[in-house]
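J.:
There are 2 protein chains.
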Amino acid sequence: MSNAKNEIRLFAPATVANVSCGFDVLGFCLDSIGDEMVVRKTGKKGIFITKIEGYDLPYVASLNVAGVSALAMYATLDIDYGFEIEIYKRIKPGSGVGSSAASAVGSVYGMNELMGGPFNKVQLTTFAMKGEALASQCEHADNLAPAIFGGFTLVKSVQPMDILQIPSPSDVFATIIHPQIEIKTADSRAILPKVVALSDAIVQWANVGSLVHALHTSDYELMRRSLKDVIVEPYRSKLIPFYHEVKDAALQAGALGAGIAGSGPSIFALSKGKDTALKVQDAMRALYATTAIPFETYVSKINTQGIKIL
Amino acid sequence: MSNAKNEIRLFAPATVANVSCGFDVLGFCLDSIGDEMVVRKTGKKGIFITKIEGYDLPYVASLNVAGVSALAMYATLDIDYGFEIEIYKRIKPGSGVGSSAASAVGSVYGMNELMGGPFNKVQLTTFAMKGEALASQCEHADNLAPAIFGGFTLVKSVQPMDILQIPSPSDVFATIIHPQIEIKTADSRAILPKVVALSDAIVQWANVGSLVHALHTSDYELMRRSLKDVIVEPYRSKLIPFYHEVKDAALQAGALGAGIAGSGPSIFALSKGKDTALKVQDAMRALYATTAIPFETYVSKINTQGIKIL
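These protein sequence lines map, in sequence, to chains S and V.
Add 1 to a position in the first sequence, counting from 1, and you land on the number used in this note's numbering.
Add 1 to a position in the second sequence, counting from 1, and you land on the number used in this note's numbering.
(1) I'd like the list of long-range same chain contacts for D57(S), defined as Cβ closer than 7 Å, with 5 residues on each side in sequence excluded.
(2) To the nearest angstrom, report how far apart Q337(S) and R10(V) are at their CA atoms.
(3) Does any CB atom of chain V fall closer than 7 Å to the CB of Q341(S)?
(4) Step through the CB atoms of chain C and report whether any lies within less than 7 Å of the CB of K157(V).
(5) Roughly how many angstroms lie between the CA atoms of G260(S) and G83(V), to the nearest whole one?
(6) Do the region 144–155 of chain V and the region 190–200 of chain V touch if we need at least three Cβ pairs shorter than 8 Å?
(7) To the nearest whole angstrom, what separates the beta carbons of A136(S) and S101(S), a pair I think is in contact under 8 Å?
(8) Measuring CA to CA, which of G23(S), D25(S), C22(S) and M38(S) is closest to F12(S)?
(9) Run through DSSP, which three-state label would F128(S) get?
(10) Compute the Euclidean distance between the alpha carbons of Y75(V) and D32(V), then round it to the nearest angstrom.
(11) Report the rounded CA-to-CA distance for G307(V) versus I50(V), giving the unit in angstroms.
(12) Please go through the region 150–191 of chain V and give each complete alpha helix (DSSP H) segment of 4 or more residues, from N-terminal end onward.
(13) Using only the alpha-carbon positions, how far apart do I53(V) and E87(V) sit?
(14) Using Cβ-Cβ distances below 9 Å, what residues of the region 179–202 of chain V are close to chain S?
(15) Keeping to the same chain, check which residues put their C-beta closer than 7 Å to that of F72(S); ignore five residues upstream and five downstream.
(16) At which residues does the alpha helix (DSSP H) containing E222(V) begin and terminate?
(17) When the cut-off is 7 Å and only beta carbons count, does S3(S) lie next to chain V?
(18) Starting from D57(S), trace the beta strand (DSSP E) both ways and give me its first and last residue.
(19) With a cut-off of 8 Å, do at least 3 Cβ pairs link the region 199–207 of chain S to the region 246–266 of chain S?
(20) Along chain V, which residues have their Cβ under 9 Å away from the Cβ of F24(S)?
(21) Is the CB-CB distance between G23(V) and V196(V) below 7 Å?
(22) What residues from chain V crowd round I86(S), counting only those whose CB sits closer than 9 Å?
(23) Determine contact between the region 111–126 of chain V and the region 293–300 of chain S, defined as no fewer than three beta-carbon pairs at a distance below 8 Å.
(24) If I'm right that S267(S) touches I182(S) with Cβ under 8 Å, what's the distance once you round it to whole angstroms?
(25) If you draw a straight line from the alpha carbon of N304(V) to that of T277(S), how long is it in whole angstroms?
(26) Distance check for Y244(S) and G1(S), CA to CA, integer angstroms please.
(27) Assign I241(S) to buried or exposed, taking buried as 16 or more other Cβ atoms, counted over all protein chains shown, within 10 Å of its Cβ.
(28) Name, in chain order, the residues that DSSP records as bridge partners for K42(S).
(29) Could you compute how far the alpha carbon of M112(V) sits from the alpha carbon of D163(S)?
(30) Tell me the DSSP bridge mates of P295(S)?
(31) Using Cβ-Cβ distances below 8 Å, what residues of the region 206–220 of chain V are close to chain S?
(32) At the 7 Å Cβ level, is L165(S) part of the contact set with chain V, yes or no?
(33) Compute the Euclidean distance between the alpha carbons of K131(S) and K131(V), then round it to the nearest angstrom.
(34) Between which two residues does the beta strand (DSSP E) containing G210(V) stretch?
(35) Whole-angstrom Cβ separation of G28(S) and N121(S), contact assumed at under 8 Å?
(36) Measure the beta-carbon distance from F174(S) to S96(S) and round it to whole angstroms, keeping in mind my assumption that it falls under 8 Å.
Below, the structure written as structure tokens:
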């Protein structure tokens, strides 16, 4: 081991995948919600999860999302030391805002930093995808990419890994409501159809193209017209109590758009300006307060940096 | 009638719809191919097609694409005069490069200019769509929008009409080969499936998003990775003799991508730089020269102006 830094503390951000029209492809990064993680070099070879706080998750590396991504990277290394990982989990697993992605990204980002950065962000995403696959039973990167790159991202493909950073207009804020119910990712995948109407697919790719254009041109009204989902929402919304009521409340309060965060149950809204995002939060809270379901809400600016050293 | 100009001569450009990944949505405008049209005020009320050269098309306005779009606009006007239209057709009908769109656009653009421009380009597109519908039996605007706006366009929706102008990197050139065979638009529509695999649709909208991003960032290598069509090409390519051989030849010669122009039979390629576009033309010609099918080819820069007064 060199004299370089032996320990690093990280903020691993929550993220929102899909962004209404961009199922499996688009995502953005949050600022006010995320895990903290510590990654430390250790003389003993291997990957060791030494501390987990917040939620009850496995310590065995090969059964833990952060451990699996770390092991995927570690297998490519020829080094005489190992890494310890501490996870201070703030993002509830299964909430829909990239809890597993944050863990998967944190370990490999930290290891890479401690080694002086031998891997680039695309390679980190590829390692992290191994951990993500443990949680979701399929290899996807639509939460990983925004967690690593920050801002809005488009995962053009995962094989090969091809990630685009889309501009994030400075005045976009996210509001999240997290109903405290459990939706299994497997269920939210299983509910999706294998085939879709060509006419619906055309609407969806028009919206993906126009949302990318809107982000490039800071055209908030075009964002409003583009944040639509005619493919996935009709199915997954059935799993989320009061989904349409919450969405309507958010739009009534001025949101540019609202949709299912990842596979749910969290619901996100995007707004122009923090004031509107706070009003949207009020509207979401007021609606959900009339139900018996516990919930949490957050307002966050778009995190254009992504994962960061604390 | 005022003393203002009573006659106008126009260049109504050819266009390429779909652009591989963006079926029914994307299009771009050509510079070196197009119709000429003359639109003239006349004291007699109504729309009169007074001359057609180049191809045998109906003179009855209600049966002619240019006439139908003109009548759609005329029906909204309260004026005591009419318009004569002359069509010098250079774009062969049914070639796949927006022959009907050029005619549909020319008449309404010319009338609007002669009246001092009461309608905006979006409204012109809506009138022109009525003419386009006569030719293709469905209302679409993916050729009309680039003919009117120029450059690359994304038709986000036609109801309401929502057209985005996507930046056109200055070094993009198109090569077109037009095999002189007839494909009926109705046939090329009928061959398409009503449903598509969700997994294919995801690939397609990832490519639409990345192509829009590539055009914004002048990222030619990303254009190369984005100009793919997993939805329509597998079906429509069957109607075009030697399609895959021509496409392969274009890519071998350095094209960024190649695909079916609109509903075919023309095949387009996009290249970085005119030299490459000319090499692509050579490669396409060499391939098609080995067949018994007559053909024409063109090289054109992207026409960022669209329809223009001569």
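Positions of the beta carbon are idealized from the N, C-alpha and C atoms, including for glycine.
Being a predicted model, the structure only gives us computed values, none of them experimental.
T.: Checking against the coordinates, here is how it stands:
(1) none
(2) In the structure as shown, chain S starts at 2 and stops at 311, and residue 337(S) therefore has no counterpart that could be examined.
(3) Nothing can be reported for residue 341(S): it is not among the residues displayed for chain S, which extend from 2 to 311.
(4) No chain C is present in this structure, whose protein chains are S and V.
(5) 51 Å
(6) no
(7) 4 Å
(8) M38(S)
(9) helix
(10) 29 Å
(11) 23 Å
(12) 186–191
(13) 6 Å
(14) L193, P194, K195, V196, V197, A198, L199, S200, D201 and A202
(15) The displayed chain sequence assigns Leu, not Phe, to residue 72(S). I48, A62 and S63.
(16) Y221 to S227
(17) Any reading at S3(S) must be qualified, since the residue scores a pLDDT of 47, below 50, and its modelled position is unreliable; the value itself is stated next. It does not; no Cβ of chain V falls within 7 Å.
(18) Run containing D57(S): none; DSSP gives neither H nor E here.
(19) no
(20) L199, A202, I203 and W206
(21) no
(22) Here the premise fails: no neighbours, minimum Cβ distance about 32 Å.
(23) no
(24) Not confirmed; about 10 Å, so no contact.
(25) 41 Å
(26) Nothing about residue 1(S) can be read from this structure; chain S reaches only from 2 to 311.
(27) buried
(28) F84(S)
(29) 48 Å
(30) Paired residue(s): none; P295(S) is not in a bridge.
(31) W206, A207, N208, V209, G210, S211, L212, V213, H214 and H217
(32) yes
(33) 52 Å
(34) Run containing G210(V): none in the beta strand (DSSP E); it sits in the alpha helix (DSSP H), L199 to T218.
(35) In fact, because the Cβ distance is near 19 Å, the residues do not count as touching under 8 Å.
(36) With a Cβ gap of about 19 Å, F174(S) and S96(S) do not count as contacting.
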